[in-house]
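Asks: In terms of this note's numbering, the sequence shown has 48 at position 48, counting the first letter as 1, and numbering is strictly consecutive.
Just so it is clear, CB atoms sit at the ideal spot from N, CA and C, and this is done for glycine as well.
Bear in mind the structure is a predicted one, so any value in this text is a computation, not a measurement.
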Amino acid sequence: MISDAIQVGFMVAPMAIALRSQGVPVKIVYLGHKYGSAMVVRKDGPVRTVADLRGKVIGIPSRFSDERLLTHKALKQHNIPESEVKLVEMPPPDVASALEAGALDAFVMGEPYPSQSEMQGIGRVLFFAREYWPDYMSCVVVMRQDIIDERPDVAQVLVDGLARSGVWLDDDIKHREQASEFVGREYFHKSPALLKWSLTKPFERIEYRKLSPRKVDFELVRDLMFDLKLIDRKIDFNEFVETKFAEAAEHETAWK
Numbered sequence: 001m002i003s004d005a006i007q008v009g010f011m012v013a014p015m016a017i018a019l020r021s022q023g024v025p026v027k028i029v030y031l032g033h034k035y036g037s038a039m040v041v042r043k044d045g046p047v048r049t050v051a052d053l054r055g056k057v058i059g060i061p062s063r064f065s066d067e068r069l070l071t072h073k074a075l076k077q078h079n080i081p082e083s084e085v086k087l088v089e090m091p092p093p094d095v096a097s098a099l100e101a102g103a104l105d106a107f108v109m110g111e112p113y114p115s116q117s118e119m120q121g122i123g124r125v126l127f128f129a130r131e132y133w134p135d136y137m138s139c140v141v142v143m144r145q146d147i148i149d150e151r152p153d154v155a156q157v158l159v160d161g162l163a164r165s166g167v168w169l170d171d172d173i174k175h176r177e178q179a180s181e182f183v184g185r186e187y188f189h190k191s192p193a194l195l196k197w198s199l200t201k202p203f204e205r206i207e208y209r210k211l212s213p214r215k216v217d218f219e220l221v222r223d224l225m226f227d228l229k230l231i232d233r234k235i236d237f238n239e240f241v242e243t244k245f246a247e248a249a250e251h252e253t254a255w256k
């Protein structure tokens with residue numbers, strides 16, 4: 001998106017905020033989903049509570065990830081200074097094997113990697129994101145400013161479609177099972193069984209409804225990023241979020 005090779009994409013919210021704070025002409029227009037991240041520990045390992053993480057090695061996907069911020073919140077709630085754990089940035093596909101080999105004591109990742117570790121019998125979920133962050137959001141839809149300014153009709157059609165698909169996914173567990181099949185085969189190139197686990201065990205593991213960007217949620221992410229020195233200023237909400245497409249989808253256009 002920096003080079004304008006693509007104009008719209010999904011990325012984690014902190015990365016989008018960081019890009020905008022660096023002057024990249026992009027804005028968040030919608031959420032991809034809510035929740036969908038978890039901390040996983042070895043199934044037979046010694047970590048039974050967050051308090052047991054002192055002195056342990058924890059894998060995260062990136063310092064510019066929601067999982068990095070979630071880890072910070074969980075540790076802080078248990079009065080564990082980050083200096084007492086080791087955070088390691090690691091590509092999500094590698095974390096299950098690293099956990100099994102003992103290179104990691106825990107990891108915090110988005111789906112389907114927690115589910116993959118569970119299915120393989122390697123890990124178990126220590127906590128889901130919502131337990132420490134009730135309004136946790138992960139992926140966001142990011143759009144270049146020129147599309148927002150010059151093709152608002154295209155932007156609205158895209159957000160409308162995402163809103164409709166989210167309602168469909170949350171309406172019935174059978175819809176999620178159907179999505180697992182065709183998305184796994186045609187797009188994600190992952191086992192449909194893995195995606196089914198991610199989307200249904202439990203059903204509340206991920207939510208796709210009510211994904212309009214909220215100022216209070218994004219200001220919390222921004223403030224955590226500032227406190228952790230991931231950005232050097234508290235960028236204003238209106239600088240990195242455009243709400244009009246989500247508002248229209250929620251109240252009118254997506255439901256016609």
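Assign S37 to one of two classes, buried (16 or more other C-beta atoms within 10 Å of its C-beta) or exposed (fewer than that).
Replies: Residue numbering aside, residue 37 sits at position 37 when the sequence shown is read from its first letter. S37 is buried by the Cβ-count criterion.
Asks: What would DSSP say about Y208, mapped onto helix, strand or coil?
Replies: Here the question's residue 208 lines up with position 208 in the sequence shown. The answer is coil: DSSP assigns Y208 none of H, G, I, E or B.
Asks: DSSP has M143 in a bridge; who is on the other side?
Replies: Sequence index remark: in the sequence shown, residue 143 carries index 143 (1-based). Its beta-bridge partners are V8, K27.
Asks: Determine the extent of the alpha helix (DSSP H) in which R68 is found, giving its start and end residues.
Replies: Translated into positions along the sequence shown, residue 68 becomes position 68. R68 -> alpha helix (DSSP H) spans 66-77.
Asks: DSSP three-state call for Y35: helix, strand or coil?
Replies: Residue 35 sits at position 35 when you count from the first residue of the sequence shown. Y35: strand per DSSP, three-state reduction.
Asks: Can you look up M1 in the DSSP assignment and give me helix, strand or coil?
Replies: For this step, residue 1 is matched to residue 1 along the sequence shown. It is coil, neither helix nor strand.
Asks: From what residue to what residue does the alpha helix (DSSP H) around A173 run?
Replies: Sequence index remark: in the sequence shown, residue 173 carries index 173 (1-based). Checking the sequence, you will find Ile at residue 173 rather than Ala. From DSSP, the alpha helix (DSSP H) with I173 extends over 173-183.
Asks: What would DSSP say about M137, mapped onto helix, strand or coil?
Replies: Residue 137 sits at position 137 when you count from the first residue of the sequence shown. Three-state DSSP puts M137 in a strand.
Asks: Assuming contact is defined by CB atoms lying nearer than 8 Å, are V321 and K76 in contact in what I supplied?
Replies: Given a span of 1 to 256 for the chain in the structure shown, any question on residue 321 remains unanswerable.
Asks: According to DSSP, is I231 helix, strand or coil?
Replies: Position 231 of the sequence shown, counted from the first residue, corresponds to residue 231. Coil, per DSSP.
Asks: According to the Cβ coordinates, are K43 and G102 closer than 8 Å?
Replies: As a working note, residue 43 is residue 43 in the sequence shown. As a working note, residue 102 is residue 102 in the sequence shown. No, Cβ-Cβ distance for K43 and G102 is not below 8 Å.
Asks: Is V125 closer than 8 Å to P114 when the C-beta atoms are compared?
Replies: Translated into positions along the sequence shown, residue 114 becomes position 114. Translated into positions along the sequence shown, residue 125 becomes position 125. For P114 and V125, yes; Cβs fall inside 8 Å.
Asks: Output the boundary residues of the alpha helix (DSSP H) element that contains F107.
Replies: Taking the sequence shown and counting its residues from 1, the one referred to as residue 107 is at position 107. Taken as a continuous stretch (DSSP letters only), F107 belongs to no alpha helix (DSSP H), being part of the beta strand (DSSP E) at 106-110.
Asks: Could you tell me which of H78, E67, K73, A74 sits nearest to V88, measuring between CA atoms?
Replies: Counting from 1 along the sequence shown, the entry for residue 88 is found at position 88. The shortest C-alpha separation from V88 is found at E67.
Asks: Pick out whichever of S21, I28, M11, M143 has its Cα sitting closest to the Cα of K229.
Replies: Along the sequence shown, read from residue 1 onward, the residue named residue 229 stands at position 229. Closest option to K229, Cα to Cα, is S21.
Asks: Rounded to whole angstroms, what is the Cα-Cα separation between H251 and S65?
Replies: The count along the sequence shown starts at 1 and reaches residue 251 at position 251. The count along the sequence shown starts at 1 and reaches residue 65 at position 65. If you take the alpha carbons of H251 and S65, they lie about 30 Å apart.
Asks: Is it the case that the Cβ atoms of A106 and V41 are separated by a distance below 8 Å?
Replies: Residue 106 sits at position 106 when you count from the first residue of the sequence shown. Residue 41 sits at position 41 when you count from the first residue of the sequence shown. Taking 8 Å as the Cβ cut-off, A106 and V41 qualify as a contacting pair.
Asks: Considering just the uninterrupted stretch of the beta strand (DSSP E) at L126, what are its terminal residues?
Replies: Walking along the sequence shown from the start, residue 126 turns up at place 126. It spans 123-128 - the beta strand (DSSP E) in which L126 sits, taken as one unbroken run.
Asks: With a cut-off of 8 Å on the beta carbons, I'd call V108 and M39 a contact; round off their distance for me.
Replies: By 1-based counting over the sequence shown, the position of residue 108 is 108. By 1-based counting over the sequence shown, the position of residue 39 is 39. Right, the Cβ-Cβ distance comes to about 5 Å (below 8 Å), so this counts as a contact.
Asks: Indicate the three-state DSSP secondary structure (helix, strand or coil) for I80 in the structure shown.
Replies: Sequence index remark: in the sequence shown, residue 80 carries index 80 (1-based). Coil.
Asks: Count the CB pairs spanning the stretch 17-35 and the stretch 198-216 that are closer than 8 Å, and state whether there are at least three.
Replies: Contact holds: three or more Cβ-Cβ distances are below 8 Å.
Asks: Less than 8 Å between the C-beta atoms of L69 and V216, yes or no?
Replies: One-based indexing of the sequence shown puts residue 69 at position 69. One-based indexing of the sequence shown puts residue 216 at position 216. For L69 and V216, no; Cβs fall outside 8 Å.
Asks: Starting from V57 and walking both ways along the beta strand (DSSP E), at which residues does that stretch end?
Replies: On the sequence shown, residue 57 is found 57 positions in, with the first residue counted as 1. It spans 57-60 - the beta strand (DSSP E) in which V57 sits, taken as one unbroken run.
Asks: Tell me the DSSP secondary structure of V88 in three-state form.
Replies: Sequence index remark: in the sequence shown, residue 88 carries index 88 (1-based). Looking at V88 - three-state DSSP - the assignment turns out to be strand.
Asks: Quick check on D160: buried or exposed, where buried means 16 or more other Cβ atoms within 10 Å of its Cβ?
Replies: Taking the first residue of the sequence shown as position 1, residue 160 is located at position 160. Its Cβ being crowded by 16 or more others within 10 Å, D160 is buried.
Asks: Taking all protein chains shown into account, decide if R185 is buried (16 or more other Cβ within 10 angstroms of its Cβ) or exposed.
Replies: Residue mapping note: residue 185 aligns to position 185 of the sequence shown, counting from 1. Label assigned to R185: exposed.
Asks: Per DSSP, which residues does V167 bridge with? Please list them.
Replies: Here residue 167 is taken as the residue at index 167 of the sequence shown, counted from 1. The partner list for V167 (beta bridge, DSSP) is empty, contrary to what the question assumes.
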